[in-house]
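Student:
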Amino acid sequence: MAVYNAPLQDMRFILNDVFDAEKLWQANENLAHVDMDTVNMILEEMAKLSKNVLLPINREGDEEGAKHSIGADGNGVVSTPAGFKEAYAQYAESGWIGLGGDPEYGGQGFPKMVTMLAEEMIFTTNQSFALYPNLTVGASLALLASASEEQKQTYLEKMYSGEWSGTMCLTEPHAGTDLGIIKTKAVPNDDGSYDITGTKIFITGGEHDLTDNIIHLVLAKTLDAPAGSRGISLFVVPKFHVNADGSLGERNHVSAGSIEHKMGIKASATCVMNFDNAKGWLVGQENKGLAAMFVMMNYERLTMGLQGLGGTELAYQNALVYANDRLQSRSDSGVKNPDKSADQLIHHADIRRMLLNAKANAEASRCFAMYVARQLDIAKFSTDDDAKKAAAERVALLTPVTKAFLTDKALESTIDCQQVFGGHGYIREWGMEQIVRDTRIAQIYEGTNGIQSLDLLGRKVAKNGGTHMDAFITEIREFVGNMTADHAIKEATLKAADTLEELTKTVLANISERKDEINGCAVDYLQVTGYACYAYMFAMMVEASQGKEQSESAEFYANKAKLADYYVGRVLPRIHAHAKMVRAGSEPMTAFDLDYFTPAEA
Ligand SMILES: Cc1cc2nc3c(=O)[nH]c(=O)nc-3n(C[C@H](O)[C@H](O)[C@H](O)COP(=O)(O)OP(=O)(O)OC[C@H]3O[C@@H](n4cnc5c(N)ncnc54)[C@H](O)[C@@H]3O)c2cc1C
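If you want this note's numbering, it's the position in the sequence shown, counting the first as 1, plus 2.
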């Protein structure tokens, strides 16, 4: 079975040394109840649950998968793999789903800086399992932001407790990225409800056997809605109606027609959901549904970044064990293991390269996710309006980077770690191919990484003339300018910031003349942004680990500086290749006639 020990020391390093979280919490009256002792307990409990409950059912979940059948009442039934029900019950009973929930409705009100670490651990040990509670958390956030008081009273407590789960129903067979063309209809009834009719596909957790009720958040259009995304409304559609006293009533007309057979996350039920005059209730205002749904979508985007980080961490830990065990060839720098026929893989520099790529990505990803989580907490809990606004802008700017860069780096890292196993990484026995398969989806769903890149360059940069990016670059420069550590990361981070600034200006100058420029450059622009962000994170980690020579953990801190050296020397130079590709612009793609792309006839 795969091994996993939660990287608690690294997590505490990020919380305490890099971001001084407790000081932040104590200085904020809305978070003063959060202290590090409690947080340490939370992390330790989640570390145990992930390792002892979720990891053991990860492999079997992949083998068995979720199963679909038709029940006696004609509705679709989905059963999760063995052990999932019990694990979910334990997870819910321990209060994990409501950890960050609003205390007014039974949540525990912990900040994102804490909940993100818990999320990392469940995604590390069981990506399929993690999706069920995470969709619920996302749906409850959307309800909290836009639902009526009555709706909040009806749903939130049961969702936080895990008795009911949540979904997001956006995608339709003909409408994935382009939600403006959805066809699902909402027809108003006299009692204030709507009849919802349409087919949604790819709905994660659309049906399963883990909870008594499933609360679907559904995008649909009313009959007279404006065309495009300005005509989308959001509805809450429960699987079972809820009586006035909170008990479950009749079955609603929503059912899972089938589930998808997929490359990975096989224990996560990805459902085709048929809404056949299902009764739903408007959430927020008519035609404002996409904005309401974005609360959930943004949450899920950050969460997908954590899914990527989880995949990287699990792949790294297992590759590390293998590299220390497997004897193959002699080390180029002399025999290390004379009593054995060969040396361990770990003595080969190329094996270390692959492991260090994954380790560097995991540490920078965790630090970056924490940076964004901190901004989210400031935006939510701060009592200073200016600070709230600045933090919200920073979150908006960096959400697509968190989603896309973390998951891109994750696939790369999981493949590097699979490579450490040679052929043994390709066969099922060692579990590495599952990690690669499971992690792959994070680049695709919740807005593909291409779409995230367009969001970054188009909406988050070009739309405001680059001012939000400028503010971020200024922050990076100020931080590096104030660093006391003497390390190559300083100059490298400043160079990365310069590159990002120069590219932003170049692209903005070109977009009025070259209509395809944003579309053609966005992916590489996001990569440049991601590398600059990770350089900044390494700068923060280096600064936080200096002056600790006398500490009990002196070696731990010294290794942070070494990993930053590795990043500067062996990873960060990639930023220049991506920058060059951005400078080349969209012309190399648009130069072809459409004929070139016409499929050959048989
Ligand atoms: C396992 C799984 C679980 C999912 N869970 C959910 C869920 O719970 N709820 C839900 O609603 N959906 C869910 N989805 C759907 C997912 O979010 C979509 O698959 C994704 O957003 C892409 O949509 P699409 O598949 O229709 O691709 P398309 O929109 O057809 O895109 C195809 C390709 O074209 C690119 N593209 C599209 N438009 C542009 C453009 N303007 N410029 C440049 N490139 C473009 C895309 O990046 C992509 O590479 C899930 C999908 C999967 C596979």
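For every residue, glycine included, the Cβ atom is placed at its ideal position computed from N, Cα and C.
Can you tell me where the beta strand (DSSP E) with N279 in it begins and where it stops?
Tutor: For the purposes of this step, residue 279 is taken as residue 277 along the sequence shown, with counting starting at 1. Run containing N279: T272 to V285, per the beta strand (DSSP E) assignment.
Student: With DSSP as the reference, label L56 as helix, strand or coil.
Tutor: Position 54 of the sequence shown, counted from the start, is the residue given in the question as residue 56. Three-state DSSP puts L56 in a helix.
Student: Identify which residue in G182, A321, F481 and R585 has its Cα closest to the Cα of G291.
Tutor: Numbered from 1 along the sequence shown, position 289 holds the residue referred to as residue 291. Minimum Cα distance to G291 is reached at G182.
Student: So the beta strand (DSSP E) V239 belongs to, where does it begin and stop?
Tutor: Counting from one through the sequence shown, the residue named residue 239 turns up at place 237. Element bounds for V239: S235 to P240.
Student: Is the closest heavy atom of ligand 1 to the C-beta of K465 under 7 Å?
Tutor: One-based indexing of the sequence shown puts residue 465 at position 463. No, Cβ of K465 sits at least 7 Å from all heavy atoms of ligand 1.
Student: Please name the residue, chosen from E174, T173, Y157 and L172, that lies closest to W166 on a Cα-to-Cα basis.
Tutor: Here residue 166 refers to the residue found at position 164 when the sequence shown is read from its first residue. Residue Y157 is the option with its Cα nearest to W166.
Student: Would you be able to state if there are at least three C-beta pairs under 8 Å between the region 503–522 and the region 538–553?
Tutor: no
Student: Look up D12 in the DSSP assignment and say whether it is helix, strand or coil.
Tutor: Reading the sequence shown from its first residue, position 10 is the one you call residue 12. Helix.
Student: For V509, which three-state DSSP category applies?
Tutor: Sequence index remark: in the sequence shown, residue 509 carries index 507 (1-based). Reduced to three states, the DSSP call for V509 is helix.
Student: How about C171: is its Cβ closer than 7 Å to a heavy atom in ligand 1?
Tutor: Position 169 of the sequence shown, counted from the first residue, corresponds to residue 171. True, at least one ligand heavy atom lies under 7 Å from that Cβ.
Student: For L221, list the residues DSSP reports as bridge partners.
Tutor: Taking the first residue of the sequence shown as 1, we reach residue 221 at position 219. Its beta-bridge partners are L236.
Student: Does DSSP put Y331 in a helix, in a strand, or in coil?
Tutor: In the sequence shown, residue 331 corresponds to position 329, counting from 1. The residue asked about is misnamed: residue 331 is Ser in this sequence, not Tyr. In the structure shown, S331 sits in coil (DSSP, three-state: anything other than H, G, I, E or B).
Student: Please check the pair Q331 and A351, which I expect to be a contact at CB under 8 Å, by giving their CB distance rounded to whole angstroms.
Tutor: The residue you call residue 331 lines up with position 329 of the sequence shown. The residue you call residue 351 lines up with position 349 of the sequence shown. First, the amino acid is wrong: residue 331 is Ser here, not Gln. No, S331 and A351 are not in contact; Cβ-Cβ is about 12 Å, not under 8 Å.
Student: Start and end of the beta strand (DSSP E) containing E395?
Tutor: Along the sequence shown, read from residue 1 onward, the residue named residue 395 stands at position 393. It is not in any beta strand (DSSP E) - E395 instead sits in the alpha helix (DSSP H) that spans D387 to V422.
Student: Answer with buried or exposed for L225, where buried requires no fewer than 16 other C-beta atoms within 10 angstroms of its C-beta.
Tutor: Stepping through the sequence shown from its first residue, residue 225 is reached at position 223. So L225 counts as exposed.
Student: Quick check: does the Cβ of L292 come within less than 7 Å of any heavy atom belonging to ligand 1?
Tutor: The sequence position of residue 292 within the sequence shown is 290, counting from 1. No, the beta carbon of L292 sits no closer than 7 Å to any heavy atom of ligand 1.
Student: Whose C-beta lies closer than 7 Å to the C-beta of L146 among residues of the same chain, with five residues either side of it excluded?
Tutor: For this step, residue 146 is matched to residue 144 along the sequence shown. D104, K154 and L158, listed in sequence order.
Student: Buried or exposed, going by whether 16 or more other CB atoms sit within 10 Å of the CB of S588?
Tutor: Residue numbering aside, residue 588 sits at position 586 when the sequence shown is read from its first letter. By the 10 Å Cβ count, S588 comes out buried.
Student: Jot down the residue ranges of each uninterrupted alpha helix (DSSP H) in the region 464–547, minimum 4 residues, whole runs only, in chain order.
Tutor: 469–483, 490–512 and 519–547
Student: For a test of the three-state rule: what should DSSP assign to G606, helix, strand or coil?
Tutor: Nothing about residue 606 can be read from this structure; the chain reaches only from 3 to 604.
Student: Just list the residues that DSSP pairs C369 with in beta bridges.
Tutor: Taking the sequence shown and counting its residues from 1, the one referred to as residue 369 is at position 367. C369 pairs with nothing; no bridge assigned.
Student: Say the cut is 7 Å; is the CB of T179 nearer than that to a heavy atom of ligand 1?
Tutor: Residue 179 sits at position 177 when you count from the first residue of the sequence shown. Flag set: Cβ of T179 near ligand 1.
Student: Is H426 helix, strand or coil by DSSP?
Tutor: Position 424 of the sequence shown holds residue 426. The answer is helix: DSSP assigns H426 an H, G or I state.
Student: Please report the residue range of the alpha helix (DSSP H) in which G692 lies.
Tutor: Past the edges of the chain, shown from 3 to 604, lies residue 692, and the structure says nothing about it.
Student: Any idea what DSSP makes of Y134, helix, strand or coil?
Tutor: Position 132 of the sequence shown, counted from the start, is the residue given in the question as residue 134. The answer is helix: DSSP assigns Y134 an H, G or I state.
Student: Which of the three DSSP states, helix, strand or coil, is assigned to L51?
Tutor: The residue given as residue 51 occupies position 49 in the sequence shown. If DSSP states are grouped into helix, strand and coil, L51 belongs with the helices.
Student: Tell me the DSSP secondary structure of F204 in three-state form.
Tutor: Looking up residue 204 in the sequence shown gives position 202. F204 falls in the strand class under three-state DSSP.
Student: Using C-beta distances below 6 Å, list every residue in its chain close to T404, excluding the 5 sequence neighbours before and after it, in chain order.
Tutor: In the sequence shown, the residue the question calls residue 404 occupies position 402. Within the same chain, T404 has close Cβ partners L304, G307 and V374.
Student: Roughly how many whole angstroms lie between the Cα atoms of F370 and S260?
Tutor: Taking the first residue of the sequence shown as 1, we reach residue 370 at position 368. Taking the first residue of the sequence shown as 1, we reach residue 260 at position 258. Between F370 and S260, the C-alpha separation is close to 38 Å.
Student: Report yes or no: do three or more beta-carbon pairs, one from the region 18–34 and one from the region 63–76, lie closer than 8 Å?
Tutor: no
Student: What do you reckon, are the CB atoms on L57 and Y6 nearer than 8 Å?
Tutor: Taking the first residue of the sequence shown as 1, we reach residue 57 at position 55. Taking the first residue of the sequence shown as 1, we reach residue 6 at position 4. Cβ distance < 8 Å, so L57 and Y6 count as in contact.
Student: So, under 8 Å CB-CB, L137 and G164 are touching, yes? Tell me the CB distance rounded to an integer number of Å.
Tutor: Counting from one through the sequence shown, the residue named residue 137 turns up at place 135. Counting from one through the sequence shown, the residue named residue 164 turns up at place 162. No, L137 and G164 are not in contact; Cβ-Cβ is about 12 Å, not under 8 Å.
Student: Taking only heavy atoms of ligand 1 into account, decide whether any of them is closer than 7 Å to the Cβ of H186.
Tutor: Your numbering for residue 186 matches position 184 in the sequence shown. One point to set straight first is that residue 186 is Thr, not His, in the sequence displayed. Every heavy atom of ligand 1 is 7 Å or more from the Cβ of T186, so no.
Student: Can you tell me whether E209 is buried or exposed, with buried defined as 16 or more other CB within 10 angstroms of its CB?
Tutor: Looking up residue 209 in the sequence shown gives position 207. When all chains shown are included, E209 counts as buried.
Student: Mind checking M3: buried by the 16 CB within 10 Å criterion, or exposed?
Tutor: Numbered from its first residue, the sequence shown carries residue 3 at position 1. Label assigned to M3: exposed.
Student: For A317 versus A362, is the C-beta distance shorter than 8 Å?
Tutor: As a first step, residue 317 is located in the sequence shown; it is residue number 315 there, counting from the start. As a first step, residue 362 is located in the sequence shown; it is residue number 360 there, counting from the start. Not a contact, by the Cβ cut-off of 8 Å.
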